[in-house]
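Quick note: to get this note's numbering, add 371 to the position in the sequence shown (first position is 1).
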Amino acid sequence: ADADSGEFVALAYNVAGLPEVLSGSEPATNMPQIGPKLNAYDLVLVQESWKTPDPNPYAPMRGYHEELEATSELEHRSTPATQPLGTDATRPEALLADGLNRFSRFAFGDVTRVRWEGCFGGADTSDRGAADCLATKGFSVATTTLADGVEVDVYNLHAEAGSSDRDQELQAADFAQLAAFINE
């Protein structure tokens, strides 16, 4: 390929990896099927991909990121964020980390993780929230080297879910926060 051009195939994929007891998407069945398919891409950004903590205080409940790691042939991968398991004083209801991870044929630098400033909805969804405060949702960025002298900042995000008025307000705030970060 010419030094001034090139191409790669990327995928952003919400793998729905909530622990089985919380998920309606059967991650124990789906993750082993999803993992090998990711190898067809040069850069993969996944959301809702949490690694099981070790030790796991909630066993047998678990995450499923390790299923993707086990089948990935992509050389470069992010280190999953540590699960807060309710220990974050600024968001004590958060049990799960951001779930944002990446696999890549391209080398990338340190992954910067930024939590959204707000969230709406806990375990009790009677408020019409989508339980977003149970994870430290936000965005991540890493400078990725596509070729010698060609670097690009690649962002991965998981925005506020849900359709209530408060969810909609926070979705707008999430993207304003992301734009402000990019413009810094």
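All C-beta atoms in this analysis are idealised placements derived from N, C-alpha and C, irrespective of residue type, glycine included. Small disclaimer: the values here were computed from a predicted structure and weren't measured.
message = Applying the 10 Å Cβ sphere with the 16-neighbour rule, what's the burial state of T515?
response = The sequence position of residue 515 within the sequence shown is 144, counting from 1. Buried: at least 16 other Cβ atoms inside 10 Å.
ask   = What is the DSSP secondary structure of F477, counted as helix, strand or coil?
value = Along the sequence shown, one-based indexing puts residue 477 at 106. Correct three-state label for F477: coil.
ask   = Out of curiosity, what's the CA-to-CA distance linking R473 and N427?
value = Translated into positions along the sequence shown, residue 473 becomes position 102. Translated into positions along the sequence shown, residue 427 becomes position 56. Computed Cα separation, rounded: 23 Å.
key: Distance CB(F479)-CB(A513) smaller than 7 Å   = Residue mapping note: residue 479 aligns to position 108 of the sequence shown, counting from 1. Residue mapping note: residue 513 aligns to position 142 of the sequence shown, counting from 1. In this structure, F479 sits near A513, with a CB-CB distance shorter than 7 Å.
Touch test, the segment 517-526 against the segment 499-508, Cβ-Cβ under 8 Å, three pairs minimum = As far as the Cβ criterion goes, the segment 517-526 does not touch the segment 499-508, which means the pair count is below three.
inquiry  = So, at 8 Å on beta carbons, what are the nonlocal neighbours of V386 in its own chain, with the 5 sequence-adjacent residues on each side left out?
reply    = In the sequence shown, residue 386 corresponds to position 15, counting from 1. Only P398, N401, M402, I405, V417, Q418, E419, S420, Y435, L439 meet the Cβ criterion.
Coil, strand or helix - A532 by DSSP = The residue you call residue 532 lines up with position 161 of the sequence shown. Note: A532 maps to coil in three-state DSSP.
query = Roughly how many angstroms separate the alpha carbons of L382 and K422, rounded to a whole number?
reply = Here the question's residue 382 lines up with position 11 in the sequence shown. Here the question's residue 422 lines up with position 51 in the sequence shown. Taking C-alpha positions only, L382 is separated from K422 by approximately 20 Å.
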